[in-house]
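In this note's numbering, the protein residues as written are 4 to 331.
The beta-carbon is built from N, C-alpha and C at its ideal position, and this holds for glycine as well.
Being a predicted model, the structure only gives us computed values, none of them experimental.
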Ligand code: 8YV
């Protein structure tokens, strides 16, 4: 059904491309993300037919969707949509879209940066210079780790995982992967069981979706299998790693190091990580360039625009229906 000048809510940060793009076509209601969100949603709830959500920590939970009886489409920012209750949306005929593909290359670039930075200790070496230690102590110690003798296991060979693997081919390192199903058209060794792959590689790159299905996939057993040379790079979601197990492995030095771009309670980071100098932490930078974020923002807008013309969404999530179904 065409939805020109439909009532649309924007939940999260009012990014300019999203606000301008939606305000030109819809009655846009920017929901403040302070204590007044509830009241602002209540005011417009009966008429809202579309929603834009600008990425975690902002969410679209089932109880909010339940209060929007005419809601047809949720256009979510980010490729990951664990902040959207797609189960509720699917059960109630609401279509959900996300922003895949436009960020693949950026996230893959960031992953390689974090991988090399962690292996060769670039942030620590930067701190060494700034602390004035070079003239006093001489050369920064040789890094114990190198990419040269490593074997990489990619956890989740989706679109971004493949972009990472393509880059790693250029580095001449052996590549293996674990995912629910083997991927057609790739020559990397496939492991149906993560723990088996962890035993055979020394470096894990985690780039799997978040949510219940992957919670604590990287656990004590996997870390033990990875062993003392082990390095884990997490570009997925904080929930994929069992922090208690990882912190213990890092403290006991039963793995070598980690590079973490994502955390369970962002922007909070477990204090134990902050006190460890031998690991690398990034504040969720995967897709965070102006160039790529603008493409993601535009895709949030475009999914709502095509919906307003009665056309199928550009980038729907697989779980929810199209066209949206009328609720009883
Ligand atoms: C975004 C991401 O930074 O796309 C994703 O799933 O994790 C990032 O690109 C995030 O969604 C913003 O909250």
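Same chain, Cβ closer than 6 Å to residue i, five either side skipped, listed in chain order
{"i": "residue 40", "result": "34"}
{"i": "residue 219", "result": "245"}
{"i": "residue 172", "result": "none"}
{"i": "residue 146", "result": "123 and 124"}
{"i": "residue 12", "result": "32, 34, 51 and 54"}
{"i": "residue 59", "result": "86"}
{"i": "residue 143", "result": "128 and 131"}
{"i": "residue 185", "result": "193"}
{"i": "residue 135", "result": "none"}
Chain-order list of residues whose beta-carbon lies under 8 Å from that of residue i (same chain, five-residue window excluded)
{"i": "residue 179", "result": "154, 155, 156, 157, 191, 192, 193, 194, 200, 203 and 204"}
{"i": "residue 119", "result": "125 and 150"}
Closest by C-alpha distance to residue i, when choosing among the options
{"i": "residue 304", "options": "253, 173 and 78", "result": "78"}
{"i": "residue 80", "options": "275, 17, 111 and 10", "result": "17"}
{"i": "residue 230", "options": "215, 301, 253 and 10", "result": "253"}
{"i": "residue 323", "options": "141, 90 and 112", "result": "90"}
{"i": "residue 74", "options": "48, 316 and 61", "result": "48"}
{"i": "residue 228", "options": "215, 214, 196 and 213", "result": "196"}
{"i": "residue 71", "options": "51, 250 and 60", "result": "51"}
{"i": "residue 112", "options": "295, 137 and 94", "result": "295"}
{"i": "residue 2", "options": "208, 186, 249 and 159", "result": "It is not possible to answer for residue 2, since the shown part of the chain is limited to 4 through 331."}
{"i": "residue 45", "options": "139, 68, 182 and 152", "result": "68"}
{"i": "residue 321", "options": "8, 101 and 38", "result": "101"}
Beta-carbon gap between residue i and residue j smaller than 9 Å
{"i": "residue 96", "j": "residue 329", "result": "yes"}
{"i": "residue 221", "j": "residue 262", "result": "no"}
{"i": "residue 150", "j": "residue 110", "result": "no"}
{"i": "residue 299", "j": "residue 264", "result": "no"}
{"i": "residue 319", "j": "residue 99", "result": "yes"}
{"i": "residue 288", "j": "residue 105", "result": "no"}
{"i": "residue 170", "j": "residue 114", "result": "yes"}
{"i": "residue 10", "j": "residue 32", "result": "yes"}
{"i": "residue 117", "j": "residue 225", "result": "no"}
{"i": "residue 286", "j": "residue 275", "result": "no"}
{"i": "residue 121", "j": "residue 260", "result": "yes"}
{"i": "residue 130", "j": "residue 307", "result": "no"}
{"i": "residue 56", "j": "residue 14", "result": "yes"}
{"i": "residue 162", "j": "residue 212", "result": "no"}
{"i": "residue 236", "j": "residue 278", "result": "no"}
{"i": "residue 43", "j": "residue 108", "result": "no"}
{"i": "residue 232", "j": "residue 148", "result": "yes"}
Assigned exposure category for residue i - 16 Cβ within 10 Å defines buried
{"i": "residue 84", "result": "buried"}
{"i": "residue 86", "result": "buried"}
{"i": "residue 210", "result": "buried"}
{"i": "residue 21", "result": "buried"}
{"i": "residue 24", "result": "buried"}
{"i": "residue 310", "result": "buried"}
{"i": "residue 258", "result": "buried"}
{"i": "residue 293", "result": "exposed"}
{"i": "residue 1", "result": "What is shown of the chain runs 4 to 331, which leaves residue 1 out entirely."}
{"i": "residue 88", "result": "buried"}
{"i": "residue 164", "result": "buried"}
{"i": "residue 313", "result": "exposed"}
{"i": "residue 188", "result": "exposed"}
{"i": "residue 281", "result": "exposed"}
{"i": "residue 92", "result": "buried"}
{"i": "residue 316", "result": "buried"}
Close-in-space but distant-in-sequence residues of the same chain around residue i (CB under 7 Å, 5 per side omitted)
{"i": "residue 267", "result": "241, 242 and 246"}
{"i": "residue 174", "result": "150"}
{"i": "residue 297", "result": "20"}
is_contact[residue i, chain B] using C-beta, thresh 9 Å
{"i": "residue 253", "result": "In summary, chain B is missing from the structure at hand, where a single protein chain is found."}
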